[in-house]
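When the letters of the sequence shown are read in order and numbered with mature numbering (1 follows the signal peptide of the UniProt record, and there is no 0), they come out as residues -26 to -1, 1 to 293. Built from N, CA and C at the ideal position, the CB exists for glycine as well.
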Amino acid sequence: MTRRARLTAVVTAVLALLSLASPAAADPVDGIEKELTDKFHDLEAVIEDYNSITLAFSDTKEKIAALEKELKPFEDELAVLYRRTGDIAAQAYMGGRMNGVAALLGAGTPDVLADRMTMLDQLTSADARVIGELNAAKAGLDERKSVLDGLYAEQSGREGELKTKKQTIEADLERLQGEREKAYRDSRGLRPDDFVPPFVPGDRGTVVNFALAQVGKPYVWASSGPGGYDCSGLTLRAWSKVGLALPHNAAAQWNMLPHIPRDQLRPGDLVFYNDLSHVAMYIGNGYVVQAAINFNNVKVETVESAASDYYGAARIPGY
């Protein structure tokens, strides 16, 4: 082996060792996307808790309303008893027993007054029995209402806590989305006006990321990959990544899926054009990814520029 050959071999070996000792720097986008995934999971859990407490809170409010309706006749009867004290006071005044009645009238509220009215001589035994029964029944309802009022306060506080937590997580998500966009541009050398696909969590993210990974591959008629795609071949292959089987035809995909308004589009939804002769996948922020014959390869375009004649949009059930 010549000296030059030996030197080349040594350099090659050193470079190989350096490559083992110094792994490539981690993509900053990956770290942010991991945080985003965790935050989306947190948000999902909080939303489920919020929905659960909201249902319970609604049920409690309905029970309180029903109980208040049940209490209304008792409140009305106590009000009648309260008005009767005027007659009783007049009779007591005529009989010279005003001091005791004055103390009675100082009871303040109809329910307290009704309780004290049983002590008046002017009341018949029947009156006293009715008042006693009325107070006993109302006391039972008041006890139930007190329990519901406590539950109302507890659930109201819990609902407020969850709402605040939800808003905090959403603010974190917005901040992380901004950090991701900057890191994405920096790490991929994009210009300020270049499109940055939004981060999408869960199965929808799996589908969208697969479709985006096909950008640049050629348009191949009747193909569903992996080397190339036609329009419905791209959408069916992307959704197959989460176990969904779509037909290899744009019109058939439209016919099997529930339709949605354009202003409700979410990443992963399908967008149809040209009397159902073309389909693309919505990826967020007004963009689709598509395999279109006129573009020659898989490409990202705006919803408006993807094709000339927008037809409608559809969503995969359960996603």
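Scanning its chain for C-beta atoms nearer than 8 angstroms, with the 5 sequence neighbours on each side dropped, one finds around L164 the residues Y158, V170, in chain order. Here F184 carries a helix assignment [DSSP, helix/strand/coil]. Distance between Q227 and N248, taken at the CA atoms: about 14 angstroms. In this structure, S198 lies away from R178, with their beta-carbon atoms at least 9 angstroms apart. F246 is the residue among E9, A187, F246 whose C-alpha sits nearest the C-alpha of A225.
E155 places its beta carbon 9 angstroms or farther from that of L17. Under the 10 Å beta carbon count, W213 is surrounded by 16 or more other beta carbons and is classified as buried. The C-alpha of L45 is placed about 18 angstroms away from the C-alpha of D33. Per DSSP, the unbroken beta strand (DSSP E) holding A287 starts and ends at 284 to 288. Taking the Cα of V174 as reference, the smallest distance to any Cα among P2, A(-1), D1, E7 is reached at E7. Nearest to E275 by C-alpha distance, out of Y285, N259, I290, G286, is N259. DSSP places S197 in the coil class of the three-state scheme, outside both helix and strand. Note that the stretch 36 to 45 touches the stretch 114 to 134; at least 3 beta-carbon pairs, one per stretch, sit closer than 8 angstroms. Note that the C-beta distance between L220 and A287 is not below 9 angstroms. Taking each of V253, N271, E36 in turn and checking the Cα distance to Y284, the smallest one comes out for V253. Q238: not part of any alpha helix (DSSP H); DSSP gives it neither H nor E. When the alpha-carbon of L125 is set against those of I27, F184, T180, the nearest one is in I27.
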